[in-house]
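Q: Residue numbers (this note's numbering): 309 to 755.
Glycine is no exception: its CB is placed at the ideal position from the N, C-alpha and C atoms.
Here the structure is a predicted model, which is why all the values come from computation and not from measurement.
The following block contains the structure, expressed as structure tokens.
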């Protein structure tokens with residue numbers, strides 16, 4: 309008897325039954341599902357728009373070759389060995405390759421697409437040729453100056469298109485100017501507004517390279533942006549090439565003779581130019597050396613002035629210190645100075661004595677007294693920790709003026725110090741005290 313299933317599978321495990329639990333959808337699976345749904349929706353929308361626009365067929369898919377019928381199923385040759393669809397690479401719209409008999413952009417439109425592609429190819433060719441002609445004719449003619457001529461013609465194209473070109477120029481010997489004038493227009497009988505400006509026409513790079521390398525004309529520096537300007541590279545007497553069209557016969561002949569001479573004696577002229585450049589370089593070095601010596605001499609003089617100024621200020625500071633000590637000794641009752649007869653020079657007058665030698669009444673003026681008192685005020689400020697020693701600080705200056713007024717007050721001075729002055733100098737001292745008192749009082753009123 310055959311064994312029962314349970315007896316036969318005693319040593320094997322039981323296969324579980326399929327479960328009804330739905331597994332969680334991953335992110336990649338969800339993204340793939342959404343992408344496929346959007347692709348289907350986009351295909352339906354494109355087909356609807358295409359038929360609504362009146363086209364006889366629907367646009368093909370990206371993976372399908374040129375066709376005049378709507379795609380139904382993916383072609384077999386678009387599938388690889390693994391069964392996946394192989395995408396046909398798109399054509400780069402910016403490429404400048406030559407277009408064949410039929411543009412891929414019009415492939416799905418059938419015969420009408422081929423006609424449209426041929427029409428666009430002819431139009432672009434006409435625009436390109438007109439642009440080249442305009443660039444060539446817009447160049448100034450350097451060998452004509454006067455006269456005039458002109459012509460015009462029209463070239464007809466297919467599908468009702470055409471080109472209109474007008475050209476005029478002025479030239480001739482003995483005239484006063486030169487120039488070219490060029491006009492261009494393109495027309496299409498099947499278009500309502502096809503009057504385009506040739507200045508916006510894009511010329512492929514290969515056409516620009518070919519035109520520039522073959523003739524050197526047709527494009528200026530602004531249009532190509534990479535060419536060389538030969539006229540700017542040639543030098544003539546230290547400058548650019550002159551305007552030959554404006555020369556007279558004598559000037560032109562002289563210019564030719566000089567050019568031939570330079571060409572024949574090129575070696576001698578090069579040597580002369582080298583010597584001239586060397587001489588200019590030596591003169592430049594001598595000028596730089598002279599300027600450097602001048603700057604060094606200026607620095608040395610400024611340094612001496614600073615040193616002299618420091619020495620001068622040191623001497624003035626010593627005189628101000630002697631002034632303060634001398635006044636303390638003169639007013640000291642019972643001191644050594646009280647028993648000695650004083651001369652005019654023994655009185656501590658508020659002036660600097662180093663530049664004047666012997667002191668007299670004639671130096672007791674406002675300028676000398678003001679400078680001395682400002683120095684005293686600066687010393688007082690420095691002693692009080694004022695910082696910068698500025699002579700124009702009002703509090704210190706006022707204090708210095710008050711002390712000077714008290715020291716040279718006529719009544720006080722005549723009563724305490726004048727009796728100790730020797731007889732022959734008393735009148736001079738009296739006059740000096742009165743002058744000094746008036747000057748200090750005037751300064752105090754202005755402060």
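Thinking residue 743 and residue 726 are a contact (beta carbons under 8 Å), I'd like their distance in whole angstroms, please.
A: At roughly 15 Å, the Cβ-Cβ gap does not stay under 8 Å, so residue 743 and residue 726 are not in contact.
Q: Could you tell me how far apart the beta carbons of residue 658 and residue 712 are, in whole angstroms, since I believe they sit closer than 8 Å?
A: Contact between residue 658 and residue 712 holds: their C-beta atoms lie close to 6 Å from each other, under 8 Å.
Q: What does residue 650 pair with, by DSSP beta-bridge criteria?
A: 729
Q: DSSP three-state label for residue 658, please.
A: coil
Q: Taking the Cβ atom as the reference point for each residue, do residue 662 and residue 623 lie within a distance shorter than 8 Å?
A: A contact, by the Cβ cut-off of 8 Å.
Q: How long is the line joining the alpha carbons of residue 826 and residue 597, rounded to whole angstroms?
A: Summary: the structure shown does not reach residue 826, with the chain confined to residues 309 through 755, and so no result is reported for it.
Q: Counting along the chain, where does the alpha helix (DSSP H) carrying residue 676 start and finish?
A: Looking at the DSSP string, the run of the alpha helix (DSSP H) that includes residue 676 is 674 to 691.
Q: Using 8 Å as the threshold, is the C-beta distance between residue 747 and residue 677 below it?
A: yes
Q: What's the gap between the Cα of residue 602 and the Cα of residue 572?
A: So the two alpha carbons sit approximately 47 Å from each other.
Q: Does the beta-carbon of residue 575 have 16 or more other beta-carbons within 10 angstroms, so that it is buried, or is it exposed?
A: exposed
Q: When burial is assigned at 16 or more other CB atoms within 10 Å of the CB, is residue 655 buried or exposed?
A: buried
Q: Rounded to a whole number of angstroms, what is the C-alpha to C-alpha distance between residue 562 and residue 581?
A: 21 Å
Q: Compute the distance between the beta-carbons of residue 633 and residue 653, then report whether it is under 8 Å.
A: no
Q: At the level of alpha carbons, what is the spacing between residue 432 and residue 354?
A: The straight-line gap from Cα to Cα measures roughly 30 Å.
Q: Measuring straight from C-alpha to C-alpha, what distance separates residue 590 and residue 439?
A: 55 Å
Q: Between which two residues does the alpha helix (DSSP H) harbouring residue 750 extend?
A: 734 to 754
Q: Any heavy atom of the ligand GTP closer than 7 Å to the beta-carbon of residue 602?
A: In terms of ligand content, the structure shown is empty, and the ligand GTP therefore cannot be addressed.
Q: What span of residues does the alpha helix (DSSP H) with residue 578 cover, start to end?
A: 574 to 638 is the span of the alpha helix (DSSP H), which, as asked, contains residue 578.
Q: Sort 436, 673, 583, 425 by Cα distance to residue 751 and report the nearest one.
A: 673
Q: So, for residue 524: in the same chain, excluding its five sequence neighbours on each side, which residues have a beta-carbon less than 8 Å away from its beta-carbon?
A: With a pLDDT of only 45 at residue 524, under 50, the local geometry of the prediction cannot be trusted, and no value is derived from it.
Q: If residue 278 and residue 733 are in contact, beta carbons under 8 Å, what's the gap, nearest whole angstrom?
A: The chain is shown only over 309 to 755; residue 278 falls outside these bounds and no answer can be derived.
Q: So, helix, strand or coil for residue 705, using DSSP?
A: helix
Q: Between which two residues does the alpha helix (DSSP H) harbouring residue 342 extend?
A: Note, residue 342: alpha helix (DSSP H), 335 to 360.
Q: Please classify residue 556 as buried or exposed, where buried requires at least 16 neighbouring CB atoms within 10 angstroms.
A: exposed
Q: Excluding the five sequence neighbours on either side, which residues of its own chain have a C-beta within less than 6 Å of the C-beta of residue 627, listed in chain order?
A: 660
Q: Please work out which residues of its chain come closer than 6 Å, Cβ to Cβ, to residue 347, disregarding the five sequence neighbours upstream and downstream, and give them in chain order.
A: none
Q: Can you give me the C-alpha to C-alpha distance between residue 670 and residue 717, rounded to a whole angstrom?
A: 19 Å
Q: What first and last residue would you give for the alpha helix (DSSP H) that runs through residue 724?
A: 718 to 724
Q: Can you find the residues in the same chain that come closer than 8 Å, C-beta to C-beta, to residue 714, ignoring five residues on each side of it along the sequence?
A: 720
Q: When the distance is taken between beta carbons, is residue 704 closer than 8 Å to residue 681?
A: no
Q: Going by other Cβ atoms of all chains shown within 10 Å of its Cβ, with 16 needed for buried, is residue 586 buried or exposed?
A: Residue 586 should be labelled exposed.
Q: Assign residue 342 to one of two classes, buried (16 or more other C-beta atoms within 10 Å of its C-beta) or exposed (fewer than that).
A: So residue 342 counts as exposed.
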